[in-house]
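Novice:
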Amino acid sequence: MKKLIFTGEIWQEGNMYTSYCPELDLASCGETIEQAKKNLLEVVEIFIEETSKLGTLRELLEEAGYNLDDSGVLQRAREPVSFEQMELKMGVM
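Residues 20 to 112, numbered by my numbering, are exactly what the sequence shown covers, in order.
(1) Pick out the complete beta strand (DSSP E) segments inside the segment 33–100, 3 residues or longer, and give them in chain order.
(2) A141: which of E81, V62, E53 and S71 sits nearest, CA to CA?
(3) Based on the DSSP secondary-structure assignment, which residues constitute the bridge partners of E28?
(4) I'd like to know whether the C-beta atoms of L43 and V63 end up nearer to each other than 8 Å.
(5) Name the one or two DSSP bridge partners that L23 has.
(6) Quick one: Cα of S101 to Cα of L93, how far?
(7) What's the call for S47, buried or exposed, on a 16-neighbour Cβ count within 10 Å?
(8) With distances taken Cα to Cα, identify the nearest neighbour of N58 among T75, R77 and Y36.
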């Protein structure tokens with residue numbers, strides 16, 4: 020059994036928490052941070068199961084940048100070195 024390494028971004032929206040996996044473009048939510056994490060894990064697990072049944076799992080993981088070698092861990096071949104909030108002045112609004 021292989022292990023999949025992915026990012027879980029979590030932010031608060033009102034009284035709910037949204038969880039997001041940017042590598043696979045999957046999201047979920049919960050009333051607590053822990054519930055949002057748990058729900059995201061469930062969504063990723065369902066994604067893996069369903070794309071595997073369809074025969075598209077390898078292709079989708081490759082498109083997401085995962086290294087599909089024979090090791091027991093699936094992780095992206097490239098990892099971000101920085102996450103930054105950026106700003107751009109817009110003269111059109």
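Every residue, glycine too, gets a C-beta built ideally from N, C-alpha and C.
Specialist: With the given structure in hand:
(1) 35–40 and 45–49
(2) In the structure as shown, the chain begins at 20 and stops at 112. Residue 141 is therefore absent and cannot be evaluated.
(3) Y39
(4) yes
(5) L93
(6) 21 Å
(7) buried
(8) Y36
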